[in-house]
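Undergrad: Each position in the first sequence, counted from 1, maps to that position plus 5 in this note's numbering.
Before we start, here is the structure in question, set down as structure tokens.
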Amino acid sequence: MIDYEQLLNERQLEAVRHEGGPLLVIAGAGSGKTRTIVFRLARLVEGGVDPERILLLTFTRKASAEMLSRAETLLGSSLRRAVGGTFHSFAFAQLRRLAALGQGPAGLTVIDKADAEDITRMAKEELGLGKGDKSFPKKSTLQEIISKSRNKELELPDLVGREAVHLLPYAEDMGKIAERYQKLKAGNGLLDYDDLLFELEKALTEHQEFRDRLRERFRQIMVDEYQDTNKVQARLVRLLAGEDGEVMAVGDDAQSIYAFRGADVANILGFPKIFPGAKVVRLERNYRSTQPILDVSNAILAEAKEKFDKRLYTERTEGETPRLIRTMSDVSQAGRVLERIRELRRTYPLHEIAVLFRAGYQSYPLELALTKAGLPFRKYGGVRFHEAAHVKDVLAFLRLVRNPGDALAWRRAAAHIKGVGEKTCGKIALESLQGDEKALTKRRRKTPQLDELFSELDAIRGLKDFQAKLSRVIGFYQPIMVQMFPDDYPRRQAGLEELAQIGAAYKDLDDFLADLVLDPEEGESHPEDELVLTTVHSAKGLEFSAVLLIDLVEERFPMKRALDRPDDMEEERRLMYVACTRAKDSLTMFAPECLWNRFKSMSEPARLSPFVRDVPYASLDVYRETIGGGLARESGRTPTIKPLAPPSADPDPGIEPGIQPAASPAIGQGNKDLGMCRHRIFGPGKIVAFLPPNKYQVNFPGFGLKVIIEDYLEML
DNA sequence: GCCTAACGCCTTTTT
DNA sequence: GGCGTTAGGC
6 MIDYEQLLNE RQLEAVRHEG GPLLVIAGAG SGKTRTIVFR LARLVEGGVD
56 PERILLLTFT RKASAEMLSR AETLLGSSLR RAVGGTFHSF AFAQLRRLAA
106 LGQGPAGLTV IDKADAEDIT RMAKEELGLG KGDKSFPKKS TLQEIISKSR
156 NKELELPDLV GREAVHLLPY AEDMGKIAER YQKLKAGNGL LDYDDLLFEL
206 EKALTEHQEF RDRLRERFRQ IMVDEYQDTN KVQARLVRLL AGEDGEVMAV
256 GDDAQSIYAF RGADVANILG FPKIFPGAKV VRLERNYRST QPILDVSNAI
306 LAEAKEKFDK RLYTERTEGE TPRLIRTMSD VSQAGRVLER IRELRRTYPL
356 HEIAVLFRAG YQSYPLELAL TKAGLPFRKY GGVRFHEAAH VKDVLAFLRL
406 VRNPGDALAW RRAAAHIKGV GEKTCGKIAL ESLQGDEKAL TKRRRKTPQL
456 DELFSELDAI RGLKDFQAKL SRVIGFYQPI MVQMFPDDYP RRQAGLEELA
506 QIGAAYKDLD DFLADLVLDP EEGESHPEDE LVLTTVHSAK GLEFSAVLLI
556 DLVEERFPMK RALDRPDDME EERRLMYVAC TRAKDSLTMF APECLWNRFK
606 SMSEPARLSP FVRDVPYASL DVYRETIGGG LARESGRTPT IKPLAPPSAD
656 PDPGIEPGIQ PAASPAIGQG NKDLGMCRHR IFGPGKIVAF LPPNKYQVNF
706 PGFGLKVIIE DYLEML
């Protein structure tokens, strides 16, 4: 028997033991959310629930696999028959079962973003829209808007009016393209990510026996990261639960960071309304971070427009003061980050150290520096494994093995053949589909390389098991890869080996293809001790002893596009909150003074991120990079700051007023009116930062950054 | 008609 | 470094 009382706090216990009705757990960052789910899983099984009746929906398949395996360890028995995964993978699996019964949507090939974009472009071209119009939205924008309008369930012109006013003149054309896109997909048996959810909803609504069977099977439904579900996902939960199913939703409204994808915080806030009688449990005690780190996190969240009814507290009152390091530029930042990592490495293993950033490309300079320094790292987010060109190529061959009518796959598989382009591929696909052997033979005779490809595909089809197919495809592709990527095929080679590794776990081609598109598994778990580089989004739900945040300047974090959109700014703020709360012991923030502008080939001054400006000056140790490359300490945390008192007997800690050093100015205060100035010797310059009490940092064209005492500057 | 190479443009987050 | 457009070749 598991000693729940010993291992859980009172609130967690309440959630774990709850029975007989809907349950909503509002779990602040680091409050033991995963632990609560894991123990509840164990508790259910211990209490006699058949694992087969449990459905665990999470944000990534990795998360559900980890929770199930932790619960297994706890229980000492298998949970294999429990179903865990993402909404999308669950939907796909159920739709396949339905298809096996001859019902549901026709096709069952799941397409990824790149495929969806290609089909969108075809729709646009077929309709002859936007020809020669340079400002016509491109396929990525079109696809983004089409998907957003479905996710947010807004009519397309409505969505464009709200989120992309500048495209309003194109709204009508985009609507036509969206319609055509849907038809093209349906006609080719393809499902995009959004279709998976809507098709499952349709199936549940239209096929009563199907719905009843699923309801009967999944009596216990648990949904993690509920704040990031969209409207249709919430309806799916309701449809699956039925009247008397037991539903547990877990999430944190303050960590909602997927609104851009249609996530609707209203789902979590409105849960008690949709599931009347729901019990609500709040977890607010943080077990992860030290108080100084929580002070910074709380300060960032405190400025949110939408007020969050929470303030994390911890008993880890002692700890290193978070640092803010102002580097001269984003280029020099990489070096300072590397230094800091070397320092931290003396205390923590590499895999407990993570560098977080807003967007994938921001880590490129650091990746270079790390490679040069020979420091092993693993990157999450940004370009995904299955999106790498060589992986997509291999997958294209496999898709053709299964379905020779897949025009998109033909395009990739024949990319190395000169004289065979998009139109030809479309024809080949059509002829294959219609079984027009005559036309195909003619083509094969005309282009020997095409003939070779056809023979190869036939040979692969003849192989019995999936493993043999996969290794043969990789073998065939090998020389093509060398030919197509002469400069970096060795790196891609490693990717193919990884793909083979991943494939080793599969018996079925369809499963393999769908899984790679739905939630690509990383290769084998890191045998080496590796540093972690990750986007903040991909770091969701994770924790590290030491966290380094880079590029904390306006236009990078928050992103430029969010600056003049209040709602987007709010999401960026929550994202920043998520980033800070990943840290257990050590938090280092980096903010370059200048950013390299690739187009202008020059450095331009950057403003400190407004979120960092909201942090009381005294909550951070501030360092500044000096010309020589060293660091000069600029300010320190005043020792008078008392840690937030942990609530004593109060059963619901709710909002603790905390002790804010109210009088201390925020970092960079006064920056709000940055402007131009003139110096007697350096001439006119742009003020980059105000350095209390009486200095300014100024960027003088031709002279670079200087720190000048106020008295010597003439304000313009 | 179809394909390729060359040129100018702007970079978000993810199932 | 990728996308879309355009010019020019087969």
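All residues carry an ideal CB built from backbone N, CA and C; glycine is no exception.
Note that the structure is a prediction, hence the values are computed from the model and not measured.
Give the single residue among Leu202, Gly282, Pro610 whose Cα lies nearest to the Cα of Leu245.
TA: Locating residue 245 in the first sequence gives position 240, counting from the first residue. Minimum Cα distance to Leu245 is reached at Leu202.
Undergrad: Would you tell me roughly how many angstroms separate the C-alpha atoms of Ile660 and Ile298, rounded to the nearest one?
TA: Position 655 of the first sequence, counted from the start, is the residue given in the question as residue 660. Position 293 of the first sequence, counted from the start, is the residue given in the question as residue 298. Interpretation of Ile660 is limited by its pLDDT of 32, a score under 50 that renders its predicted location unreliable; the figure taken from the coordinates is listed afterwards. Cα to Cα, Ile660 sits roughly 18 angstroms from Ile298.
Undergrad: Along the chain, where does the beta strand (DSSP E) that runs through Tyr225 open and close?
TA: In the first sequence, counting from the first residue as 1, residue 225 sits at position 220. Checking the displayed sequence, the identity of residue 225 turns out to be Gln instead of Tyr. It spans 225-228 - the beta strand (DSSP E) in which Gln225 sits, taken as one unbroken run.
Undergrad: Comparing C-alpha positions only, which one of Asn193, Ile226, Leu189, Glu204 sits nearest to Arg155?
TA: Taking the first residue of the first sequence as position 1, residue 155 is located at position 150. That would be Glu204, whose Cα lies nearest to the Cα of Arg155.
Undergrad: Please go through the same chain and pick out, in chain order, the residues whose beta-carbon is closer than 6 angstroms to the beta-carbon of Gln665, but skip the five residues on each side of it.
TA: On the first sequence, position 660 is the one that residue 665 refers to. Only weak support exists for where Gln665 lies, its pLDDT of 34 falling under 50; the value from the coordinates is given anyway. Answer for Gln665: no residue qualifies.
Undergrad: Just mark Arg566 as buried or exposed, buried being the case when its beta carbon has 16 or more other beta carbons within 10 Å.
TA: Walking along the first sequence from the start, residue 566 turns up at place 561. So Arg566 ends up on the exposed side.
Undergrad: Would you mind giving the Cβ-Cβ distance between Val617 and Leu557, rounded to the nearest angstrom? I have them listed as a contact below 8 angstroms.
TA: Position 612 of the first sequence, counted from the start, is the residue given in the question as residue 617. Position 552 of the first sequence, counted from the start, is the residue given in the question as residue 557. With 8 angstroms as the limit, Val617 and Leu557 qualify as a contact, their Cβ atoms being about 5 angstroms apart.
Undergrad: Just to confirm the assignment, what range does the alpha helix (DSSP H) spanning Ser591 have?
TA: Here residue 591 corresponds to residue number 586 of the first sequence, with the count starting at 1. It is not in any alpha helix (DSSP H) - Ser591 instead sits in the beta strand (DSSP E) that spans 588-597.
Undergrad: Give the straight-line distance between the Cα atoms of Ala339 and Ile346, rounded to the nearest whole angstrom.
TA: As a working note, residue 339 is residue 334 in the first sequence. As a working note, residue 346 is residue 341 in the first sequence. Approximately 10 angstroms between the Cα atoms of the pair.
Undergrad: Can you give, in chain order, each stretch of the beta strand (DSSP E) that sits fully within the region 188-265 and has at least 3 residues?
TA: Listed in chain order, they are 225-228, 251-256.
Undergrad: Counting only the same chain and skipping the five closest in sequence on each side, list residues whose C-beta sits under 6 angstroms from that of Asp8.
TA: Along the first sequence, read from residue 1 onward, the residue named residue 8 stands at position 3. Excluding residues within five positions, none has a Cβ falling inside 6 angstroms.
Undergrad: Which complete alpha helix (DSSP H) runs does the region 428-457 hold, if anything under 4 residues is left out?
TA: Qualifying alpha helix (DSSP H) stretches, in chain order: 442-451.
Undergrad: Buried or exposed: Met681, going by 16 or more other Cβ atoms within 10 Å of its Cβ?
TA: On the first sequence, residue 681 is found 676 positions in, with the first residue counted as 1. Counting Cβ neighbours within 10 Å, Met681 comes out exposed, since fewer than 16 surround it.
Undergrad: Taking the straight line between their C-alpha atoms, what separation do you get for Leu80 and Arg48?
TA: Position 75 of the first sequence holds residue 80. Position 43 of the first sequence holds residue 48. Spanning the two alpha carbons is a distance of roughly 9 angstroms.
Undergrad: If you run the structure through DSSP and keep just helix, strand and coil, what is Pro651?
TA: Here residue 651 refers to the residue found at position 646 of the first sequence. Because the pLDDT of Pro651 is 37, which lies under 50, any placement of that residue in the model is unreliable, and the question is left without a value.
Undergrad: What separation, rounded to the nearest whole angstrom, lies between the Cα atoms of Leu462 and Gln488?
TA: Reading the first sequence from its first residue, position 457 is the one you call residue 462. Reading the first sequence from its first residue, position 483 is the one you call residue 488. Roughly 20 angstroms between the two C-alpha positions.
Undergrad: Helix, strand or coil for Lys677? Go by DSSP, reduced to three states.
TA: As a position in the first sequence, residue 677 is number 672, starting the count at 1. Here Lys677 scores only 39 on pLDDT, less than 50, and its place in the model should not be relied on; the value that follows carries that caveat. Of the three classes helix, strand and coil, the one that applies to Lys677 here is helix, per DSSP.
Undergrad: Is it buried or exposed, Val285, if we count other Cβ atoms within 10 angstroms and call 16 or more buried?
TA: Along the first sequence, read from residue 1 onward, the residue named residue 285 stands at position 280. Looking at its Cβ environment, which holds fewer than 16 other Cβ atoms inside 10 Å, Val285 is exposed.
Undergrad: If you count every other CB in all the chains shown that lies within 10 Å of the CB of Leu710, and 16 or more means buried, which is it?
TA: Stepping through the first sequence from its first residue, residue 710 is reached at position 705. Leu710 comes out buried.
Undergrad: If you draw a straight line from the C-alpha of Ser460 to the C-alpha of Ile182, how long is it?
TA: For the purposes of this step, residue 460 is taken as the residue at position 455 of the first sequence. For the purposes of this step, residue 182 is taken as the residue at position 177 of the first sequence. The straight-line gap from Cα to Cα measures roughly 37 angstroms.
Undergrad: Looking at C-beta atoms only, is the number of pairs between the region 63-70 and the region 212-230 that lie closer than 8 angstroms three or more?
TA: Yes, since at least three Cβ pairs between the region 63-70 and the region 212-230 fall closer than 8 angstroms, the two stretches touch.
Undergrad: Straight-line CA distance for Ala434 to Ser337?
TA: Taking the first sequence and counting its residues from 1, the one referred to as residue 434 is at position 429. Taking the first sequence and counting its residues from 1, the one referred to as residue 337 is at position 332. Distance between the alpha carbons of Ala434 and Ser337: 51 angstroms.
Undergrad: Between which two residues does the alpha helix (DSSP H) carrying Thr41 extend?
TA: Position 36 of the first sequence holds residue 41. Taken as a continuous stretch (DSSP letters only), the alpha helix (DSSP H) holding Thr41 covers 38-51.
Undergrad: For the region 586-601 and the region 267-285, state whether three or more C-beta atom pairs, one from each stretch, are separated by less than 8 angstroms.
TA: Segments in contact, no.
Undergrad: If you compare alpha carbons, which of Gly33, Ile31, Leu405, Leu18 is closest to Leu46?
TA: For the purposes of this step, residue 46 is taken as the residue at position 41 of the first sequence. Closest by alpha carbon: Leu18.
Undergrad: Would the beta-carbon of Ala128 fall within 7 angstroms of that of Tyr186?
TA: Counting from one through the first sequence, the residue named residue 128 turns up at place 123. Counting from one through the first sequence, the residue named residue 186 turns up at place 181. Against a cut-off of 7 angstroms, the Cβ pair of Tyr186 and Ala128 comes out as a contact.
Undergrad: Going by DSSP in three states, Ile116 sits in which element: helix, strand or coil?
TA: What you label residue 116 is simply residue 111 of the first sequence in a count that begins at 1. In this structure, Ile116 counts as coil in the three-state DSSP scheme.
Undergrad: Would the region 608-625 count as touching the region 301-312 if we require 3 or more Cβ pairs under 8 angstroms?
TA: Counting Cβ pairs under 8 angstroms, three or more are found: they touch.
Undergrad: Would you kindly check if the distance between the Cβ of Gln454 and the Cβ of Ile485 is under 7 angstroms?
TA: To locate residue 485, count along the first sequence from 1; it is residue 480. To locate residue 454, count along the first sequence from 1; it is residue 449. In this structure, Gln454 does not lie closer than 7 angstroms to Ile485 by Cβ.
Undergrad: Taking the alpha helix (DSSP H) that Asn156 falls in, what are its first and last residues?
TA: Here residue 156 refers to the residue found at position 151 when the first sequence is read from its first residue. Taken as a continuous stretch (DSSP letters only), the alpha helix (DSSP H) holding Asn156 covers 144-156.
Undergrad: Looking at C-alpha atoms only, which residue of Met594, Ala623, Ile555, Pro27 is the closest neighbour of Pro281?
TA: By one-based count along the first sequence, residue 281 stands at place 276. Of the candidates Met594, Ala623, Ile555, Pro27, the one whose C-alpha sits nearest the C-alpha of Pro281 is Pro27.
Undergrad: From Gln260 to Met594, what does the alpha carbon distance come to, in whole angstroms?
TA: For the purposes of this step, residue 260 is identified with residue 255 of the first sequence, where counting begins at 1. For the purposes of this step, residue 594 is identified with residue 589 of the first sequence, where counting begins at 1. Rounded to whole angstroms, Gln260 to Met594 spans 20 angstroms at the Cα level.
Undergrad: Using a Cβ-Cβ cutoff of less than 7 angstroms, which residues in the same chain neighbour Tyr175 once the five nearest sequence positions on both sides are dropped?
TA: The count along the first sequence starts at 1 and reaches residue 175 at position 170. Within the same chain, Tyr175 has close Cβ partners Phe141, Pro142.
Undergrad: Looking at the structure shown, is Phe280 part of a helix, part of a strand, or coil, going by DSSP?
TA: As a working note, residue 280 is residue 275 in the first sequence. Of the three classes helix, strand and coil, the one that applies to Phe280 here is coil, per DSSP.
Undergrad: Starting from Met720, follow its DSSP beta bridges and name the residues at the other end.
TA: Here residue 720 is taken as the residue at index 715 of the first sequence, counted from 1. According to DSSP, Met720 bridges with Cys682.
Undergrad: Do Pro563 and Val693 count as a contact pair if the criterion is CB distance below 7 angstroms?
TA: Translated into positions along the first sequence, residue 693 becomes position 688. Translated into positions along the first sequence, residue 563 becomes position 558. Going by C-beta atoms, Val693 is not nearer than 7 angstroms to Pro563.
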